[in-house]
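Contents: one structure, followed by commentary.
Numbering (the UniProt record's numbering), first residue to last: 1 to 140.
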């Protein structure tokens, strides 16, 4: 965010979160701001920007947590699953995304990186009738 509204980096983050369905999550689970009709000269501009910044920050934290596997407690599915997950630290996520050159790629980095997951993800998109999935690019 800046004084004029959503930056390109902010737009990239929102676009990535909106693609959550491509990873088996639900984009509708993440409350994102609506800045349509935003007027930087409005008396409520500062309040609107602050609200948008908070919503984006919460969505980023929730997405990182969910993408890493935090939506479900593994032991509730099976006792054979490792019940300890390496969930992301909220402060580290916020600090890191603020300085990454590609914040959308940073968000994608929380998704599983196994080839089998990528095959399942592509099949999910295909079965949903979506566009041909683009190979996920993740920073390493």
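Even for Gly, the Cβ is constructed at its ideal location relative to N, Cα and C.
Model, not experiment: these values are computed from the prediction.
Residue i vs residue j beta-carbon contact at 8 Å
i: residue 14; j: residue 54; result: no
i: residue 103; j: residue 9; result: yes
Counted within 10 angstroms of its Cβ, other Cβ atoms place residue i as buried (16 or more) or exposed
i: residue 91; result: exposed
i: residue 22; result: buried
i: residue 108; result: buried
i: residue 111; result: buried
i: residue 50; result: exposed
Three-state secondary structure assigned by DSSP to residue i
i: residue 5; result: strand
i: residue 92; result: helix
i: residue 47; result: helix
i: residue 106; result: helix
i: residue 33; result: coil
Presumed contact (8 Å Cβ cut-off) between residue i and residue j, rounded CB distance
i: residue 87; j: residue 74; result: Incorrect: roughly 12 Å between the Cβ atoms, too far for contact.
i: residue 95; j: residue 58; result: Rounded, the Cβ-Cβ distance is 16 Å, inconsistent with contact.
i: residue 25; j: residue 64; result: The Cβ separation is near 11 Å, so there is no contact.
i: residue 1; j: residue 52; result: 6 Å
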